[in-house]
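These protein sequence lines are chains H and L, in that order.
Numbering of the first sequence is given in the numbering used here, commencing with residue 1 and proceeding in unit increments.
Numbering of the second sequence is given in the numbering used here, commencing with residue 1001 and proceeding in unit increments.
Heads up, the beta-carbon is just placed ideally off N, CA and C, and yes, glycines get one too.
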Amino acid sequence: MGPVVEVRSLKYSYPDGTEALKGVDFRLEAGEGVALLGANGSGKTTFALHLNGLLSGSGAVRICGMEVTPASLAAIRRKVGMVFQDADSQLFMPTVIEDVGFGLLNQGLAPEEVCERAQIALEQVGMVGTGSRAPHHLSAGEKRRVALAGILALDPEILVLDEPTTFLDPPGQRALSDLLRNLPQAKILITHDMPFALATCSRAVFFHDGSVAAEGPVEEIAARFGWGFAAR
Amino acid sequence: MRHNAVDEWSRGSSALHRRAPASKLIAAAVFLVVVATAHHHLPLLACGWLGLLLWVTLAARLPLGGILSRGAVVLPFSAVFALLSWMEGAPGIAVALILKSYLSALAVLLLVATTPLPELVRSLEAARVPRFLLTVVQFLYRYIFVVVEEAAHMRTAAAARGGLTFRAAADALAVLFARSFARAEAIHRAMIARGFDGHFRPLARRRFAPPDAVFLVLASALPLLVRTVGEVLL
């Protein structure tokens, strides 16, 4: 079985001329967990946005064997589930259950099945009983969990999470890493949280100035770039 | 995060909160028409209608003072027109303007204070109100709290550094606008990522049960009864 994500020579410049990606090569195998490390502005999020066609640069991006093109976008977006950095931007529906079911309804599923799958996803993230609540009534950590539920409900083959531990307290972080470890999907985690990366990923890719500077085991990469714990 | 009081009230559990939004929407519309088309003995009729609205407020376990004061938000606007009418020698019209606008505001306030906005929006959608308009309302409702919270954070940050001057407030407003614009892009991106194709699909529709029908008949008949009795007896 081939890689679920294969990226070759990906380049992207923003409309203002900023060169964000300068030829990125990347590979992700089924079920694998990879942490994307690197300084702010090094191109991690820009790279991730290419994986389900939200940005389109030059080079090749293949998801589960499919080239990312305008014609394949709908199928690609069923394969790649993205949890964005700011949960408030991801939770746009008036109630939790409607938000978690949003993607499923867009896939054309019947409301009964949508409700059932949304409830299961909420249960997975420990948010049972919150379906009728308004997202603006949730705490920051709860919003993040609901945002994840909205993606898990879609049962994608690849999960892309941008700074998933932001606003989560330590028990919440532990619960999330336990949950992610037990999920069968391939995972790409953009994070600065090294204990979290160590707990959930077997490999790290270090971005520097729009390119992949190095990749390897998480501990090794963290040590090499001084990306470990803060000095006392 | 601080919640809007009316938003909190709308999530109550009284019998009125449990009624189908459509029944409350129609009852409120009937009330507005009955009030707007009344021309005689207005002060006395207004007492009857106000009594009805107060009774509904208490039945819905809503704070009387909060409802009465929030309903008064329309008075500065209607007072201007009332004053003009008074100056033109039509005190009857001036009084009618004040009474009708206040009663109408109270009725609409009771509708939104007993019905969560998402349900109200769905009900309006079923009534064929243009979807684009409702989408704007839905997003405004979702993000007004986020924008208000961002503004509050900026105000706190400014206060921590010596207070918010007029110029700093103007700059903060510009920043808030830029942030809202960036957020709109991020929201659009998140919607596209989950397969949004421009159409919101409803998850569930509220059924219209027999108690809703009974409520609708009573709530529509009572304001009309007040008016009929008032006009016949006086």
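Valine 61 of chain H sits in a strand when the DSSP states are folded into three classes. Between the alpha carbons of valine 96 of chain H and proline 1118 of chain L lies a distance of about 11 Å.
Residue state for valine 4 of chain H is assigned as coil, using DSSP reduced to three classes.
The C-alpha of isoleucine 120 of chain H is placed about 26 Å away from the C-alpha of leucine 73 of chain H. The beta-carbon separation of aspartate 209 of chain H and serine 42 of chain H, rounded to 6 Å, stays under the 8 Å limit for a contact. For the region 176-205 of chain H, there are no residues whose beta carbon sits under 7 Å from a beta carbon of chain L.
Contact between alanine 1105 of chain L and glycine 1071 of chain L holds: CB atoms are separated by about 5 Å, below the 8 Å threshold. Alanine 134 of chain H carries a coil assignment under DSSP once its states are collapsed to helix, strand and coil.
Where methionine 127 of chain H is concerned, there is no enclosing alpha helix (DSSP H), because DSSP gives it neither an H nor an E. Taken in chain order, the members of the region 43-71 of chain H whose beta-carbon sits within less than 8 Å of a beta-carbon on chain L are Leu49, Asn52, Leu54. Taking the Cβ atoms as the reference, proline 1211 of chain L lies roughly 19 Å from phenylalanine 1031 of chain L, outside the contact range of under 8 Å. If you ignore the 5 residues before and after tyrosine 1141 of chain L, its C-beta comes within less than 7 Å of the C-beta of Leu1117, all in its own chain and listed in chain order.
In this structure phenylalanine 84 of chain H touches aspartate 162 of chain H by the C-beta definition: roughly 6 Å separates them, less than 8 Å. A Cβ-Cβ distance of about 6 Å is found for the pair isoleucine 158 of chain H and valine 4 of chain H, placing them in contact under the 8 Å criterion. When DSSP assignments are scanned along the region 22-95 of chain H, the uninterrupted stretches of beta strand (DSSP E) that are 3 or more residues long and fall wholly within it turn out to be 33-38, 58-63, 80-83. Shown here for valine 1108 of chain L: not one same chain residue has a beta carbon closer than 6 Å to its own, the five before and five after excluded. In this structure, aspartate 1197 of chain L keeps its C-beta atom at 9 Å or more from the C-beta atom of asparagine 52 of chain H. Around the beta carbon of proline 15 of chain H, fewer than 16 other beta carbons sit within 10 angstroms, so the residue counts as exposed.
At a cut-off of 9 Å between C-beta atoms, glycine 1012 of chain L does not count as an interface residue with respect to chain H.
Between threonine 1228 of chain L and tryptophan 1086 of chain L, the alpha-carbon positions lie close to 28 Å from each other. The C-beta of proline 156 of chain H has 16 or more other C-beta atoms within 10 Å across all chains shown, which makes the residue buried. Boundaries of the beta strand (DSSP E) around arginine 203 of chain H: 203-208.
Residue pairing by DSSP places glutamate 19 of chain H opposite H/Ser13 in a beta bridge. Beyond the five residues adjoining it in sequence on each side, threonine 1114 of chain L comes within less than 6 Å, by CB distance, of Leu1016, His1017, Ala1060 in the same chain, given in chain order. Within the region 76-91 of chain H, Arg77, Met82, Phe84, Asp86, Asp88, Ser89, Gln90 place their CB atoms closer than 7 Å to a CB of chain L, listed in sequence order. At a cut-off of 9 Å, the C-beta of proline 1130 of chain L has no neighbouring C-beta in chain H. Per DSSP, the unbroken alpha helix (DSSP H) holding glutamate 1008 of chain L starts and ends at 1005-1009. Of all residues in the region 1176-1200 of chain L, only Arg1183, Ala1186, Ile1187, Arg1189, Ala1190, Met1191, Ile1192, Ala1193, Arg1194, Gly1195, Phe1196, Asp1197 place a beta-carbon less than 7 Å from a beta-carbon of chain H. With respect to the C-alpha of leucine 154 of chain H, the residue from H/Leu10, H/Leu109, H/Gly57, H/Thr69 having the closest C-alpha is H/Leu109. Under the 10 Å beta carbon count, aspartate 169 of chain H is surrounded by fewer than 16 other beta carbons and is classified as exposed. Fewer than three pairs of CB atoms, one per stretch, sit closer than 8 Å, so the region 62-81 of chain H makes no contact with the region 117-137 of chain H. Under the three-state reduction of DSSP, aspartate 155 of chain H is assigned to coil, being neither helix nor strand.
Straight-line spacing of the CA atoms in alanine 199 of chain H and arginine 181 of chain H works out to 8 Å. According to the DSSP assignment, glutamate 219 of chain H belongs to no beta strand (DSSP E) but to the alpha helix (DSSP H) extending over 218-224. Annotated three-state conformation of serine 1013 of chain L is coil, per DSSP. Looking at H/Gln90, H/Gly38, H/Leu28, H/Gly33, the one whose alpha-carbon comes closest to that of arginine 145 of chain H is H/Gln90.
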